[in-house]
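Chains as they are written, first to last, in the working numbering: chain E, 41 to 265; chain P, 41 to 265.
Some notes on the structure that comes next.
There are 2 protein chains.
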Amino acid sequence: MEGSQVSHSHPYEPKDLQLPGYVPVVLSQSTIVGVYGVASLLVVSFIWILSGRLGKIRKIDRVLMCWWAFTGLTHIILEGYFVFSPEFYKDKTANYIAEVWKEYSKGDSRYVARDATIVTVEGITSVLEGPASLLAVYAIASGKPYSYILQFAISLGQLYGTAVYYITATLEGDKFASSTFYYYAYYIGANFSWIVIPSLISIRCWRKICAAVQTQGQTKKTKVR
Amino acid sequence: MEGSQVSHSHPYEPKDLQLPGYVPVVLSQSTIVGVYGVASLLVVSFIWILSGRLGKIRKIDRVLMCWWAFTGLTHIILEGYFVFSPEFYKDKTANYIAEVWKEYSKGDSRYVARDATIVTVEGITSVLEGPASLLAVYAIASGKPYSYILQFAISLGQLYGTAVYYITATLEGDKFASSTFYYYAYYIGANFSWIVIPSLISIRCWRKICAAVQTQGQTKKTKVR
């Protein structure tokens, strides 16, 4: 009896959440955050240097390529793993990505509880938006005409997903964080970039596209005259 | 005891869903569907005639104006009512829109059960996409440069919402319809247009925008030469 209670104990809220077979996080918080930070920095540096050698790509586009590579790999690797590993919380091998989600669940236990809305939003994000983000890196580098509309589409998807993420949690009583620290550090902090950056990109693409459509309209009028 | 059981009884699945104070549907199915059909036909006819008198609007754009008026009013009036009327299932006045949702819930009881994901998706749809759809009617009529990107954004939002709608139901066991008839007639049938039409509009807008961006690119190159 005692043993079964111990094996069911976990650090998540709400406390009555049943997680039979849960294996606690092994890696420290600084290791988990540090590895993600260093890996992201490597990706960004690689894309920055590579895009610099391709020639004639404007700085703003090089920054965008870094963002799309970073967010695309995050969607595919981290979020993709979550979607297709329903039993990650039982992992005993200290698998880095399983550890990431065990740790992140302290900020939002809906991950470890496998909430259907979370799996759905993460599924759309990892399967559609992940590969599309990597396509955006290529589209910007090679100056494809679909570059703006693709970036706009992914950013809008990210914003829709984030909206669903926060609104459902609020409607369900905002009770999924283990402490105020994890609430702000993980639940709010870790998602903050995915509100600000997609908003900025959406506005930029909207303007670029409107300008192009307007120019085309004027060209047509000139030709008619 | 008997009385309390009767007052808790309802036609929805799963049967153990608690709906204290539920008042059964009064209007017939044909009345509910008929009124929506006739009202939609009136809206579409009005926009079709009006757009014909505005002059120089292409037929495809007039059809799109009809769609945006229809879908926009559906989002704002029907879905908006649902979002802001958590107790619609207790309505005793045979309020038409409350009856619509009582009836529709036979195809998907998550509406009457006030599932957080449904409220979230319907909230985004009614509050953001509804007014944006009416703006699209105006944008097409007045040939605004943002017409394509606006239509693209709303269509993508509709598709994202529909994806969340179906994926969450599937993950939760697809157990929310009262019968196979309601499953196909309401849950599948009533939402079908919001998969097909937004897909077609997204593809069209994507192409139009790519063409405009390409033309602008060529114009710039010509100027540089």
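Quick reminder that beta carbons are idealized off the backbone N, C-alpha and C, glycines included.
The structure presented is a predicted model; accordingly, all values stated were derived computationally and were not measured.
Nearest chain P C-beta to residue i closer than 7 Å, yes or no?
i         : result
Cys106(E) : no
Val123(E) : no
Tyr136(E) : no
Val152(E) : no
Gln58(E)  : no
Thr220(E) : no
Ile89(E)  : no
Ile207(E) : yes
Leu196(E) : yes
Gly43(E)  : Caution is warranted here: a pLDDT of 42 is assigned to Gly43(E), below 50, making its placement in the model unreliable, and the coordinate value is therefore given only provisionally. Answer no: the Cβ-Cβ gap between Gly43(E) and chain P never drops below 7 Å.
With residue i and residue j assumed to form a contact (beta carbons below 8 Å), what rounded beta-carbon distance in angstroms separates them?
i         : j         : result
Cys250(P) : Tyr178(E) : The pair is not a contact, with the Cβ atoms about 15 Å apart (cut-off 8 Å).
Ala109(P) : Ile87(P)  : 5 Å
Lys146(E) : Tyr224(E) : Not a contact, Cβ separation roughly 12 Å.
Val103(P) : Val159(P) : No, Val103(P) and Val159(P) are not in contact; Cβ-Cβ is about 32 Å, not under 8 Å.
Asp131(P) : Val63(P)  : 6 Å
Less than 7 Å between CB atoms is the rule here; does residue i satisfy it with respect to chain E?
i         : result
Val177(P) : no
Thr202(P) : no
Glu282(P) : For chain P, the structure presents residues 41 to 265; residue 282(P) sits outside this window and is missing.
Val84(P)  : no
Val159(P) : yes
Thr165(P) : no
Pro64(P)  : no
Ile100(P) : no
Gln191(P) : no
Trp246(P) : yes
Val253(P) : yes
Pro185(P) : yes
Glu212(P) : yes
Val237(P) : Note on residue identity: the sequence assigns Ile, not Val, to residue 237(P). It does not; no Cβ of chain E falls within 7 Å.
Ala156(P) : yes
Ile249(P) : yes
Leu240(P) : no
Gln258(P) : no
Gln71(P)  : Inspection of the sequence shows that residue 71(P) is occupied by Thr rather than by Gln. Output row for Thr71(P): interface = no.
If you run the structure through DSSP and keep just helix, strand and coil, what is residue i?
i         : result
Asn231(P) : helix
Gly183(P) : coil
Ile100(P) : helix
Ser308(P) : Within the shown structure, residues of chain P are numbered from 41 to 265, placing residue 308(P) beyond reach of any answer.
Gln258(E) : helix
Pro238(P) : helix
Ala79(P)  : helix
Leu57(P)  : coil
Gly201(P) : helix
Val63(P)  : coil
Ser85(P)  : helix
Ser70(P)  : helix
Ala209(E) : helix
Glu42(E)  : In this predicted model, Glu42(E) has a pLDDT of only 42, less than 50, meaning its place in the structure is not dependable; the value taken from the coordinates is given anyway. Glu42(E) falls in the helix class under three-state DSSP.
Phe221(P) : helix
Lys248(E) : helix
Gly92(E)  : helix
Phe192(E) : helix
Check whether the Cβ of residue i lies closer than 7 Å to any Cβ atom in chain B.
i         : result
Leu113(E) : Protein chains E and P are contained in the structure displayed, whereas chain B is not.
With three or more C-beta pairs closer than 8 Å as the rule, is the region 48–67 of chain E touching the region 134–151 of chain E? yes
Just checking, does the region 167–176 of chain E make contact with the region 114–124 of chain E on the three C-beta pairs under 8 Å criterion? yes
Could you name each continuous alpha helix (DSSP H) segment of 4 residues or more that falls completely within the region 99–185 of chain P, going from the start of the chain to the end? 99–113, 120–124, 136–144, 156–164 and 170–181
If contact is defined by three or more beta carbon pairs under 8 Å, each pair taking one atom from either stretch, is the region 189–201 of chain P in contact with the region 193–202 of chain E? yes
Quick check: the region 198–216 of chain E against the region 148–158 of chain E, are at least 3 beta-carbon pairs closer than 8 Å? yes
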